[in-house]
Amino acid sequence: MKSIKLFVIAIALILAFSVNLVMAQETFDSTAAEEEGYWYSRYNMGTLAMRSGMGEVFMPDMKMMMMAMQMADADFDPMQKGMYGDGDHPMAPVNPSLLQAVYKSGMPYYTQKVDLDDFATQRWDPATFDRTLTGLANGYLIIKEVEWAKQFHVDAHFGVPSDNFSSQWRFIGSALIMEAKMQVMNFHDNMEKYDLSGGGDYVMLWAISDLGNVLEQSHLLYSRSNRYKDLEASAMMLMAADTLFDKIKDMSLPTIQEKSIALQSLVWYAYSTHNQENKSEALANLNKIAGELKLMTPVNAAEKAYAIRGLIEAKRTLGGEIENISSLASEFLADFDRTTGIFKSQNTYTIDDVAIIIGALNAIKIFESAEVDTVKAEEVFTLFFETILNKAGMQQSAPPIMAGMHEGEPEIYFKYPGMPLPPMAGGQYGIAPMFASSVTYKDGKWEIDRTFDTAGAMHASNEMIWLHHDEVDGFPTL
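With our numbering applied, the sequence shown covers 70 to 547.
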């Protein structure tokens, strides 16, 4: 009996393999898309950050790990083993692969038979890694870790240290914050090694600001406390954000994508910084870049989505009207083909394209209901998500549904019907539950590039958790 209990705990440790016993249901609607987005985000983040080995690995400080466990569980006793006390205590994973920097891309194929007890068996082949360090990949991963740490701090879902459930996830939240701290420190110490092109500088500003803000707060959204609070580290992070802002604030932003990323980043930075002069300058830059973006002409669905996402951030932060959001959003929605489930202007979709399209549709539904047909936006969101993520195979596999949380919820909330389990997804040992880098619709069929693109995947994972903005808010208000 003891061995069975230990096995259950080991299973629970694995973010990517922690799903729940549910009732079968085949209906796919916007709620199913939002719930799948939550789990797909979790699969991708957990597998990359703790199992893949696709980056510069570091060994966690065991004293800090013990402290994190104690903070997650009020009656944690490191001298005891297995399930004891209140029946639910955190345990450190076996052979985790925590990253102080993540690589640009790699193939998410397993190289040996997976042992769910041992994270070392879930590594990917290092020979497939593009070891370039980019601001886009590392920044979006840091944001993802911080945003999921916020989710694991929602009291109603994951309890408080005195509760006898979910202590593992409370501990995982602290481990993610620890990993994000290491990644910011590595970036700070080795900035010259990072490729910051394509908006990567602004994504890093966004990431450092988000982390610094979380480390400062006395309590988090939907939580009575903040186990991550670390004022010394927060001061360091916010100072680093101020320094980075000063370095990049006057740099040229030639593309729609870069301007959109900068607009989103500046909102997070202005929300977090204590430097009032920098805050004023960030808001002035926000207004300037938004004005420039309005004059640009997007040519496909992804570019339109980038423009919409950025302009909505500027409008809701600065106030007033940005007159072409509604017309651009209407044009964007009219481009969608319900028959194929994709936009007429685009046949190939990178995972980054998917990220920004989902993010723009979510922002339209939340902030533009008075100006845009949000019923149509929800329909486009649902059909596009089902087509690209599920039918086209962008989400390449999904873990088995297991006993645990949320019993009684529809199976389709956790994986799409027919989506393969990781061992059956391809290759000798299977494919991890990760996003592909792109899918292309050609001659009535879908072609898949199975490479894992870190930046795009983590960008998509962020936009997907922000579908649940009532719990993890991806739209900070100044």
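Glycine included, every Cβ here is placed at the ideal spot set by N, Cα and C.
- C-alpha of T408 to C-alpha of T456: approximately 10 Å in a straight line.
- In the structure shown, the three-state DSSP call for I411 is strand.
- The criterion of a C-beta distance shorter than 8 Å is satisfied by M527 and Y209.
- DSSP assignment within the region 115 to 150 yields the following whole beta strand (DSSP E) runs of 3 residues or more, N-terminal first: 124 to 126.
- With respect to the 8 Å criterion, D157 and F240 are not classified as neighbours on the basis of their beta carbons.
- Using a Cβ distance threshold of 8 Å, Y172 and M123 count as a contacting pair.
- Beta-bridge analysis with DSSP links L202 to Y263.
- Put simply, the backbone Cα of N282 is about 20 Å away from that of G269.
- Using a 10 angstroms sphere on the CB of R111, the tally of other CB atoms reaches 16 or more, which defines it as buried.
- Two segments are said to touch when three or more pairs of C-beta atoms, one from each, lie closer than 8 Å; by this definition the region 284 to 298 does not touch the region 349 to 361.
- Note on the region 361 to 422: whole alpha helix (DSSP H) runs with a minimum of 4 residues are 370 to 387, 394 to 403, in chain order.
- When the Cα atoms are used, T96 and G462 turn out to be separated by approximately 18 Å.
- In this chain, the alpha helix (DSSP H) harbouring T312 covers 300 to 317.
- With a contact defined as Cβ atoms closer than 8 Å, S530 and M114 qualify at about 5 Å.
- Taking C-alpha positions only, L322 is separated from N207 by approximately 20 Å.
- With respect to the 8 Å criterion, A505 and P491 are not classified as neighbours on the basis of their beta carbons.
- The C-alpha of D539 lies about 33 Å from the C-alpha of V368.
- Beta-bridge partners of I246 (DSSP): none assigned.
- DSSP, reduced to helix, strand and coil, places F256 within a helical segment of the structure shown.
- If you check the CB distance, F188 and M119 come in under 8 Å.
- In terms of Cβ geometry, G379 and L362 form a close pair [threshold 8 Å].
- Here DSSP, grouped into helix, strand and coil, assigns Q169 to strand.
- With a threshold of 16 other beta carbon atoms within 10 Å, P469 falls short and is exposed.
- Rounded to the nearest whole angstrom, the CA to CA distance from D130 to E516 is 44 Å.
- Ranked by how close their Cα comes to the Cα of I358, the residues N344, T342, Q345, A376 have A376 in first place.
- In this structure, the alpha-carbon of Y482 lies about 25 Å from that of D186.
- In the three-state reduction of the DSSP assignment, Q497 falls in the coil class.
- Spatial neighbours of G543 in its own chain (CB-CB distance under 6 Å, excluding positions within 5 residues in sequence) are listed in chain order as W535.
- Contact annotation: E437 and A374 have beta-carbon atoms that are not nearer than 8 Å.
- Judged by their CB atoms, I426 and A370 are nearer to each other than the 8 Å cut-off.
- Between I325 and E372, the C-beta spacing is below 8 Å.
- In this structure T451 is in contact with S99, their Cβ atoms being roughly 5 Å apart against a cut-off of 8 Å.
- Counting along the chain, the unbroken beta strand (DSSP E) around D518 starts and ends at 514 to 518.
- Taking the CA atoms as reference points, A170 sits about 43 Å from A439.
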